[in-house]
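Beneath this line is the structure, given in C-alpha cells, with notes to follow.
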Ligand code: PCA
C-alpha cells in the first residue's frame, strides 16, 4: 500500500477547445460531461485547454498544481481514427501541419531544447486497450500522437509527471463524433463509456507498475 491509497483518488481529465474551424471538439465535451456526472471511484476534476502551443501546457501545469491529482488523463481529437487510441509515446518535436488557434505554426522545432527525444506514457495502455476490447469498444494502442498541439502537451505532461512521484499520466486520442459530420462510428456517449473504462482500469492498477505503458501481468 502506498501512502495515498486511503484517500479518494483525484483524476484530472483534460481536453481541448475546437480547432481548425470545427464547431466542437469531443475531447473538451467529454471533460465537461465527466466533471458534471462524476465517477463512482474517484473525484474528477477537469480542464479544457486552448489549442495553443504557447498556452496549453502552462494551463495544464497550473491545473496539476491546483488539484494535485493522482492521475492525469489528457484527451484530444484525432479525427481520422476509428478507435479510442491510448498513446504510448510523446516525441520532442513540434511540426504543425496547420496553425494553432493563436495563429502559431512551429515547424521542425524541439519542444524542449536538449530534452529527451521521447517520453513514454505512465498509463497502463495495454490494460486499457484490453479492457476497451472486452467492453466491445474499438481501441488501438497508438505509437504516435502526431507533432501538433496534442503531442506538445503530452510531451510536457510527461515532463511534469517525472517531477511528481506518484503521479500517473498519459494521453488518449479519441475519434470524431457525428457532430463533426462525416460518418463516424462513435457517439459522445460511447466515447464517455470508453474514457470511464480507461479511468477505472488505471485506478484498478494503482499498485502495479506500468513500465513503458505495458502491463506487468
Ligand atoms: N487534437 C489536436 C490538437 C487538439 C486536438 O483535440 C492534435 O491531435 O494535436
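In my numbering, the protein residues as written are 1 to 217.
Where a beta carbon is used, it is the ideal one built from N, C-alpha and C, also for glycine.
Where the beta strand (DSSP E) through residue i begins and ends
| i | result |
| --- | --- |
| residue 220 | A question about residue 220 goes unanswered here, because the residues of the chain that appear run from 1 up to 217. |
| residue 77 | 71-77 |
| residue 31 | No beta strand (DSSP E) contains residue 31, which is instead part of the alpha helix (DSSP H) from 26-37. |
| residue 61 | Premise fails: residue 61 lies in the alpha helix (DSSP H), 56-67, not in any beta strand (DSSP E). |
| residue 173 | 168-174 |
Residue j beta carbon less than 9 Å from that of residue i
| i | j | result |
| --- | --- | --- |
| residue 13 | residue 45 | yes |
| residue 74 | residue 157 | yes |
| residue 64 | residue 164 | yes |
| residue 24 | residue 191 | no |
| residue 203 | residue 9 | yes |
| residue 171 | residue 90 | yes |
| residue 141 | residue 85 | yes |
| residue 55 | residue 102 | yes |
| residue 37 | residue 49 | no |
| residue 109 | residue 95 | yes |
| residue 125 | residue 88 | yes |
Burial state of residue i (16 or more Cβ within 10 Å)
| i | result |
| --- | --- |
| residue 32 | exposed |
| residue 107 | exposed |
| residue 212 | exposed |
| residue 29 | buried |
| residue 113 | exposed |
| residue 40 | exposed |
| residue 122 | buried |
| residue 62 | exposed |
| residue 80 | exposed |
| residue 27 | buried |
| residue 76 | buried |
| residue 98 | exposed |
| residue 57 | buried |
| residue 92 | buried |
Coil, strand or helix - residue i by DSSP
| i | result |
| --- | --- |
| residue 8 | coil |
| residue 119 | strand |
| residue 86 | strand |
The alpha helix (DSSP H) enclosing residue i, as first and last residue numbers
| i | result |
| --- | --- |
| residue 47 | No alpha helix (DSSP H) contains residue 47, which is instead part of the beta strand (DSSP E) from 43-49. |
| residue 149 | 149-162 |
| residue 199 | 188-204 |
| residue 130 | 125-134 |
Close-in-space but distant-in-sequence residues of the same chain around residue i (CB under 7 Å, 5 per side omitted)
| i | result |
| --- | --- |
| residue 133 | 139 |
| residue 131 | 197, 201 |
| residue 127 | 201, 205, 215 |
Beta carbon proximity, residue i to chain C, threshold 9 Å
| i | result |
| --- | --- |
| residue 15 | Annotation note: the requested chain C is absent from the structure, which comprises a single protein chain. |
Beta-carbon contacts of residue i that lie in its chain and below 6 Å, excluding the five residues immediately before and after
| i | result |
| --- | --- |
| residue 2 | Low confidence applies to residue 2: its pLDDT is 47, below 50, so where it sits in the model is not reliable, and the reading given next is rough at best. Within the same chain, residue 2 has no close Cβ partners at all. |
| residue 43 | 8, 10 |
| residue 217 | A caution first: residue 217 carries a pLDDT of 47, below 50, which makes its placement in the model unreliable, though a value can still be read off. Excluding sequence neighbours, residue 217 sits near nothing in its chain. |
Residues of its chain near residue i, where Cβ-Cβ distance is below 8 Å and the 5 sequence neighbours each way are ignored
| i | result |
| --- | --- |
| residue 129 | 86, 139, 140, 141 |
| residue 135 | 193, 194, 197 |
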